[in-house]
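**Q** Each residue of the sequence shown is one higher than the one before, starting from 274 at the first, in our numbering. Before I ask anything, let me first share the structure, which is written out below as structure tokens.
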Amino acid sequence: MNSNILLVEDEPGLVLTLSDRLRSEGYNVDALHEGTHVLDRATRNRFGLIILDVMLPGKGGFEVLQELRQRGFTTPILMLTARTQMTDKVKGLKIGADDYLTKPFEMPELLARVEALLRRGSRAGHDGPDFYDCGPLHIDMRKSEVTRDGSPAPLSTKEFQLLRYLLENRGRTISREELLKEVWGYSAAPSTRTVDVHVAWLRQKLEADAKQPKYILTVHGQGYKFAS
Ligand code: CA
């Protein structure tokens, strides 16, 4: 089970209370105080659950929720609100929230919802986005399919696994050794040349100009990264 929780809440007291309690229950908690960076954080890390306040400064909870769902994230989302209006609840559920809790709430109630959502999420195996859109590329993580400008770009299983790992770690430089270990499962690397060859094949299939890649970048002396 993915026990990483992203808590998006702007009331410092509530953030403190919730984080402490969730951590004491064994969850890892990452907190954001406003909605602006949620998409970015959710792209970089895999969360088992997002607890999302509706009333946030900057980008509001509904907007964030809609954005996440439009980008293909199926991570369970528990909405929090101080408002008791039924319309808010209906709106949230309609645009893709999984559950809803009205403030003030009792901690045991929150914990019960958190546990239920995490269990549901782990059964479904959803903790990353279902697809990525990068310029002309549409990468469907469920079907393991890629299209470029709408045309299929057939990848071998290994190529797709490599692409998946790069995407899941988007923006981070990954060494050839790490790629060999995580994608090929070699603990002692036979040759990092294997990685280079597969990266070259991926570029030929996905990049407009394989010699000047826009997405699968070389970080000299360090490894590769998928452009963020
Ligand atoms: Ca708030």
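Note that beta-carbon positions come from the ideal geometry of N, C-alpha and C, so glycine has one too.
Would L366 be called buried (16 or more neighbouring beta carbons within 10 Å of its own) or exposed?
**A** Exposed, because fewer than 16 other Cβ atoms sit within 10 Å of the Cβ of L366.
**Q** Under a Cβ-count criterion, where at least 16 other Cβ atoms within 10 Å of its own Cβ denotes burial, should E379 be classed as buried or exposed?
**A** Answer is exposed; the Cβ neighbour count stays below 16.
**Q** So, with DSSP's three-state summary, where would you put H399?
**A** Note that H399 has pLDDT 46, beneath the 50 cutoff, so the model's placement of it is unreliable and the number below is only indicative. It is coil, neither helix nor strand.
**Q** Would you report the Cα separation of E333 and V311, rounded to the nearest angstrom?
**A** Per the sequence presented here, residue 333 reads as Gly, with Glu not at that position. Taking the straight line joining both Cα atoms gives about 11 angstroms.
**Q** Excluding five sequence neighbours on each side, which residues of the same chain lie with their C-beta closer than 7 angstroms to the C-beta of H399?
**A** Annotation note: pLDDT 46 at H399 (below 50); position unreliable, no value reported.
**Q** Excluding the five sequence neighbours on either side, which residues of its own chain have a C-beta within less than 6 angstroms of the C-beta of E282, listed in chain order?
**A** The residues are V288 and D326.
**Q** Using the Cβ count rule (16 or more neighbours within 10 Å means buried), how would you classify P402?
**A** It is buried - the Cβ of P402 has at least 16 other Cβ atoms within 10 Å.
**Q** At a threshold of 8 angstroms, does V327 count as lining ligand 1 (C-beta to nearest heavy atom)?
**A** At least one heavy atom of ligand 1 is nearer than 8 angstroms to the Cβ of V327, so yes.
**Q** Quick one: Cα of L353 to Cα of V468, how far?
**A** Each residue's Cα considered, the two are about 45 angstroms apart.
**Q** Determine the direct distance from the alpha carbon of I489 to that of L435, and round the result to whole angstroms.
**A** Straight-line Cα distance between these residues: approximately 11 angstroms.
**Q** Distance check for K487 and Y300, CA to CA, integer angstroms please.
**A** Each residue's Cα considered, the two are about 37 angstroms apart.
**Q** How many whole angstroms separate the CB atoms of N275 and G345, which I take to be in contact at a CB cut-off of 8 angstroms?
**A** Not really, about 17 angstroms apart at Cβ, beyond 8 angstroms.
**Q** Indicate the three-state DSSP secondary structure (helix, strand or coil) for K498 in the structure shown.
**A** In the structure shown, K498 sits in a strand (DSSP, three-state: E or B).
**Q** State yes or no: is the C-beta of E336 within less than 9 angstroms of the C-beta of G369?
**A** In this structure, G369 does not lie closer than 9 angstroms to E336 by Cβ.
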